[in-house]
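Quick notes on the structure that follows.
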Amino acid sequence: MSDLASLVQSILAQISAAGDEAALEAVRVASLGKKGSISALLATLGKMSPDERKTQGAAINQAKDEVTQALAARRDVLKSAALDARLASETIDVTLPPRDAPTEAGRIHPLSQVWDELTTIFADMGFSVAEGPDIETDDYNFTKLNFPEGHPAREMHDTFFFHPKEDGSRMLLRTHTSPVQVRTMLSQKPPIRVICPGRTYRIDSDATHTPQFHQVEGLVIDKHSHLGHLKWILHEFCKAFFEVDHINMRFRPSFFPFTEPSLEVDIQCRRDKGEIRFGEGEDWLEILGCGMVHPNVLRACGIDPDEYQGFAWGMGIDRIAMLKYGIADLRQLFDSDVRWLSHYGFKPLEVPTLAGGLSS
96 MSDLASLVQS ILAQISAAGD EAALEAVRVA SLGKKGSISA LLATLGKMSP
146 DERKTQGAAI NQAKDEVTQA LAARRDVLKS AALDARLASE TIDVTLPPRD
196 APTEAGRIHP LSQVWDELTT IFADMGFSVA EGPDIETDDY NFTKLNFPEG
246 HPAREMHDTF FFHPKEDGSR MLLRTHTSPV QVRTMLSQKP PIRVICPGRT
296 YRIDSDATHT PQFHQVEGLV IDKHSHLGHL KWILHEFCKA FFEVDHINMR
346 FRPSFFPFTE PSLEVDIQCR RDKGEIRFGE GEDWLEILGC GMVHPNVLRA
396 CGIDPDEYQG FAWGMGIDRI AMLKYGIADL RQLFDSDVRW LSHYGFKPLE
446 VPTLAGGLSS
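Once you know that position 271 of the sequence shown is 366 in our numbering, the rest is easy, because the numbers rise by one and skip nothing.
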């Protein structure tokens with residue numbers, strides 16, 4: 096019995112000295128495993144006499160229970176210590192700056208921003224937005240807009256044409272948003288006051304031209320509209336869009352098939368160290384084309400030019416975006432570079448308003 100007591104004390108000492116669960120498991124196997132020291136003593140009970148078995152069996156089973164309880168208690172201590180150590184090593188530093196919310200990380204593309212800006216400005220002047228399909232007929236894109244047969248824009252080297260139909264007609268990717276003006280005049284009675292933003296397509300590609308780009312055109316049709324109204328609208332738009340108190344404008348005679356008279360519009364600017372500032376300086380920059388709607392266009396759209404007249408204008412959304420936000424190459428607008436967008440883009444919740452600022 097003294098040997099059993101010594102064995103138990105030795106095992107309990109080993110249990111107390113176990114520094115982790117792996118060491119504790121080694122002690123359990125050495126004592127209570129199939130070949131363990133206490134298991135070996137239990138195996139000898141079958142060879143003892145009934146009286147010895149009664150005495151020795153009770154002592155050995157008591158020793159087994161004592162060791163089992165010590166193992167369980169030590170295991171709980173080790174698990175608690177391991178949890179404390181893990182919590183100490185994996186604590187969160189609450190002093191770190193929080194991650195940006197999705198509304199802060201995402202960015203609105205400059206073209207989308209400028210689209211919203213010009214829509215806001217013209218809506219304040221009473222204009223509605225008209226839209227039309229990107230794939231157009233030759234009739235809407237050219238004929239009803241007074242383009243003569245043989246005009247360069249009707250050639251394959253300037254315009255994206257689809258394969259001819261059985262009747263010989265060809266659909267095309269619209270070269271301007273003017274077909275939307277045609278569709279509006281055919282579907283609505285004057286007075287008409289709309290802007291037509293959208294994608295357009297021409298076979299051209301360099302630093303200031305891309306095969307697909309964006310335009311916004313405006314159209315006013317009523318009985319008393321004239322160039323004075325047109326000049327005022329464009330002047331107010333340029334002031335609001337470029338966010339300046341005053342800007343000088345210069346109107347030069349030009350030619351477009353769909354307007355008569357036709358005008359090119361220059362705005363005052365100052366070029367300095369690679370930057371362009373509007374509303375100051377002595378330089379001029381061409382920005383758009385405009386004019387009075389040609390009587391032939393009115394007739395083609397079912398409007399009597401002896402009763403109604405109107406004016407129209409058109410400008411590139413990509414171009415004015417480049418001018419306002421200092422973008423050097425038009426092709427960058429379509430590169431899908433997230434790094435570029437993080438620099439030139441706008442936060443999603445910064446909605447342009449005339450009261451709060453278009454690009455604040």
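Where is the CB? At the ideal position from N, CA and C, for every residue including glycine.
Below 8 Å on the Cβ atoms is my guess for residue i versus residue j; work out the distance and round it to an integer in Å.
i: Gly293; j: His309; result: 7 Å
i: Ile371; j: Leu380; result: 7 Å
i: Cys364; j: Phe373; result: 5 Å
i: Val162; j: Leu127; result: 6 Å
i: Leu329; j: Val289; result: Not really, about 16 Å apart at Cβ, beyond 8 Å.
i: Glu244; j: Met266; result: Wrong, their Cβ atoms sit about 18 Å apart, outside the cutoff.
i: Leu458; j: Gln151; result: Past the boundaries of the shown model lies residue 458; the chain is included only from 96 to 455, so the question cannot be answered.
i: Ile415; j: Ile382; result: 7 Å
i: Ile155; j: Leu107; result: Rounded, the Cβ-Cβ distance is 15 Å, inconsistent with contact.
i: Phe242; j: Ala248; result: 6 Å
Should residue i go down as buried or exposed, given a rule of 16 or more other Cβ atoms within 10 Å for buried?
i: Gln104; result: exposed
i: Ala225; result: buried
i: Leu428; result: buried
i: Asp401; result: exposed
i: Gly405; result: buried
i: Gly409; result: buried
i: Gly263; result: exposed
i: Met280; result: buried
i: Lys419; result: buried
i: Gly421; result: exposed
i: Thr186; result: exposed
i: Phe217; result: buried
i: Thr198; result: exposed
i: His271; result: buried
i: Ala407; result: buried
i: Gln276; result: buried
i: Phe441; result: buried
i: Asp413; result: buried
i: Phe257; result: exposed
i: Pro274; result: buried
i: Arg269; result: buried
i: Met417; result: buried
i: Thr312; result: The amino acid at residue 312 is misidentified as Thr; the sequence shows Glu. Under this definition Glu312 is a buried residue.
i: His389; result: buried
i: Val124; result: exposed
i: Val122; result: buried
i: Phe350; result: exposed
i: Val433; result: exposed
i: Ala158; result: buried
i: Gln164; result: exposed
For residue i, does the three-state DSSP call read helix, strand or coil?
i: Phe328; result: Here residue 328 turns out to be Ile, not Phe, going by the sequence shown. Note: Ile328 maps to helix in three-state DSSP.
i: Leu444; result: coil
i: Pro306; result: coil
i: Met410; result: strand
i: Glu116; result: helix
i: Cys385; result: strand
i: Met344; result: strand
i: Cys396; result: coil
i: Phe353; result: coil
i: Glu370; result: strand
i: Met266; result: strand
i: Gln283; result: coil
i: Val289; result: strand
i: Asp195; result: coil
i: Glu147; result: helix
i: Arg169; result: helix
i: Ile106; result: helix
i: Glu338; result: coil
i: Glu185; result: coil
i: Gly323; result: helix
i: Gly152; result: helix
i: Phe256; result: strand
i: Arg365; result: strand
i: Tyr296; result: strand
i: Glu402; result: coil
i: Glu377; result: coil
i: Glu359; result: strand
i: Glu312; result: strand
i: Asp179; result: helix
i: Asp160; result: helix
i: Asp432; result: coil
i: Asp98; result: helix
Check whether chain B comes within 8 Å of residue i, counting only Cβ atoms and requiring the distance to be less than that.
i: Ala407; result: No chain B is present in this structure, which holds just one protein chain.
Which residue spans inside the region 198-247 form an unbroken beta strand (DSSP E) run of at least 3?
230-232
Is it a yes or a no for the region 230-242 touching the region 175-193, going by three-plus beta-carbon pairs under 8 Å?
no
May I ask you to verify whether the region 439-450 touches the region 207-217, counting CB pairs closer than 8 Å and requiring at least 3?
yes
The region 271-287 touching the region 316-329, judged by at least three CB pairs closer than 8 Å:
yes
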